[in-house]
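Input: a single structure, listed below in structure tokens.
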């Protein structure tokens, strides 16, 4: 094969891998065009605050500063496109950019290796196999973490090249890239910072870099700028980044790294870890050590410094994906040694070395991608208490852009747990926008938003807010079910809306004002009751499809407290 044909073959192979990576990352959106994760909705809301200049209860203020570039990017996109629909492509686009940057990083790092190009493609495929869920995050979601990954790879490339080529201008580029990462996702910058410190330590101890005055001039500004980029924008927020205890995420999940990554990929990564040490690839060696130390520290001590556990797990997985390429190189070197030992005999390995190497790569990738699409997605509603004490707030006045969010109110130290409900699909005939508890008739204070608990026997006024998407020919009944801790219906507020549903016009917002009495019965103990809503015809049991419906065809809308129990 000629040089030109080989170049075409390589280009086609790289494009094919990147297309594969795009569609694998985009796959959760094949049947759903909106955001998948609460963090994605929170960032859109933060972006909209820049336009509307209004404070909301979505996040504390530092989010606009510590993730400035990410918020600005989303804000700019919202000006030129329908961000609710275009956002679905961003995760896949940045996965491709990350794959391209990783390819360049591994290709440069393995320069001089016999199969450098194939190792680079293999690293991209291993990277694409990393699992995603709402607790761990990952490539499926476009968040500051995933936006920072391509810059992390480019930073690694610039830093390694600067050390190898001994060119100060490459160090300057590395500093600028780290600065950009800090503006996108400070936790990623902190991980890169820790890896860099250990990387320089290995370089100096191995005498691959001399500790002289010039090195000091390069390193000190390099490290100082990384810290300044965090502290300058938010000192209290920066201080909070340094210590992460158990429960930083809700829920807190302990991961088995080997099962998460795959048994065969993990074995290949271990070989790659040894090979990186053997061939003095100190940056990737340092990356793995920092990740392992942070993950082990949390599993033993239940806290970490500098980087939280879930992020450390994902950074470690990225490092293992890169080490798989070095593991494949180790397998190639091992076969070469066997071939050398058998040079006087007919070498079976020599005749089939390519097939063996390809088989190893295929087995590893099949194991890595096993269960990729069905990997357990953490559903926060499935964890007790994660959506308890919920109150509904409108994100923005522009109801066409955002519907509602469900917020668990925990105000200590500005600690808030959020879960956003996605917009209703256009195919649904009606959307539920939210409700307001506007009166409790136990003290004569009607038509005011009440904060105290509802008592049995109280008359409660609730405003239900709907938006008609399509004309409805039937007069549906509104059902509102109040569920106890056993998920059984304790009482209900089924009613005909103020205006028959058949008169609702497409695009119209309907306010349904209802007053009902909370049963005063021993069967209604003090406690918290989940509210679920829907539209139906009792005679035929026909239920109108709505977004957010569970398997019981009811839509969760919030939680109220009845009796003396504090919902705090």
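In the working numbering, the protein residues as written are 31 to 598. Cβ atoms here follow ideal geometry from the backbone N, Cα and C, with glycine treated the same way. Model, not experiment: these values are computed from the prediction.
Per DSSP, residue 273 is one residue of the beta strand (DSSP E) stretching across 273 to 275. In the DSSP annotation of this structure, residue 589 is not part of any alpha helix (DSSP H); the continuous beta strand (DSSP E) holding it starts and ends at 585 to 592. Around residue 544, the same chain offers 492, 525 as residues with beta carbons nearer than 6 Å, after the five sequence neighbours per side are excluded. Here residue 310 has 236, 238 as same chain residues with Cβ atoms under 7 Å from its own Cβ, once five neighbours each way along the sequence are excluded.
Of the residues assessed, residue 115 falls on the exposed side of the cut-off, its CB having fewer than 16 other CB atoms within 10 angstroms.
Our two residues, residue 161 and residue 594, have alpha carbons roughly 44 Å apart in a direct line. Per DSSP, reduced to three states, the secondary structure at residue 144 is coil, with no helix or strand assignment. Counting along the chain, the unbroken beta strand (DSSP E) around residue 520 starts and ends at 519 to 522. Bounds of any beta strand (DSSP E) do not take in residue 215, whose DSSP letter is neither H nor E. Going by DSSP, residue 115 is part of the alpha helix (DSSP H) stretching over 113 to 116.
Taking a cut-off of 8 Å for Cβ pairs, the stretch 298 to 312 and the stretch 174 to 188 do not touch, as fewer than three such pairs fall below it.
Residue 199 and residue 179 have their C-alpha atoms spaced approximately 22 Å apart. Taking a contact as a CB-CB distance under 8 Å, the pair residue 561 and residue 539 does not count as one, their CB atoms being some 20 Å apart.
Under the criterion of beta carbons closer than 8 Å, residue 337 and residue 217 qualify as touching, at roughly 6 Å.
Beta bridge pairing from DSSP links residue 564 with 509.
Residue 103: member of the alpha helix (DSSP H) spanning 98 to 110, first to last residue. Sequence-distant Cβ neighbours of residue 133 in its own chain, meaning closer than 6 Å and more than five residues away, are 150, 154.
In the structure shown, residue 129 adopts helical secondary structure according to DSSP, grouped into three states. Taking C-alpha positions only, residue 301 is separated from residue 559 by approximately 54 Å.
Judged by beta-carbon spacing, residue 299 lies within the 8 Å limit of residue 350, meaning their Cβ atoms are closer than that value.
Excluding five sequence positions before and after residue 304, the CB atoms of its chain that fall closer than 8 Å to its own CB belong to 360, given in chain order. Residue range 539 to 547 is occupied by the beta strand (DSSP E) that includes residue 543, with no alpha helix (DSSP H) assigned at that position. Comparing alpha-carbon positions, the option among 169, 138, 364 lying closest to residue 53 turns out to be 169.
Rounded to whole angstroms, the Cβ separation of residue 121 and residue 176 is 6 Å, and the two are in contact under 8 Å.
Counting along the chain, no alpha helix (DSSP H) covers residue 333; the unbroken beta strand (DSSP E) around it starts and ends at 333 to 335. For residue 492, the uninterrupted beta strand (DSSP E) run begins and ends at 489 to 498, by DSSP. Per DSSP, residue 292 is not a residue of any alpha helix (DSSP H), being assigned neither H nor E. With fewer than 16 other beta carbons inside 10 angstroms of its own, residue 46 counts as exposed. Within the model, the alpha-carbon separation for residue 191 versus residue 148 is close to 20 Å. At the C-beta level, residue 124 and residue 183 stay beyond 8 Å of one another. In the structure shown, the three-state DSSP call for residue 198 is helix. Here DSSP, grouped into helix, strand and coil, assigns residue 137 to helix. DSSP places residue 554 outside both helix and strand once states are collapsed to three, so it counts as coil. Between residue 497 and the set 73, 158, 557, 565, the nearest pair of CA atoms involves 565.
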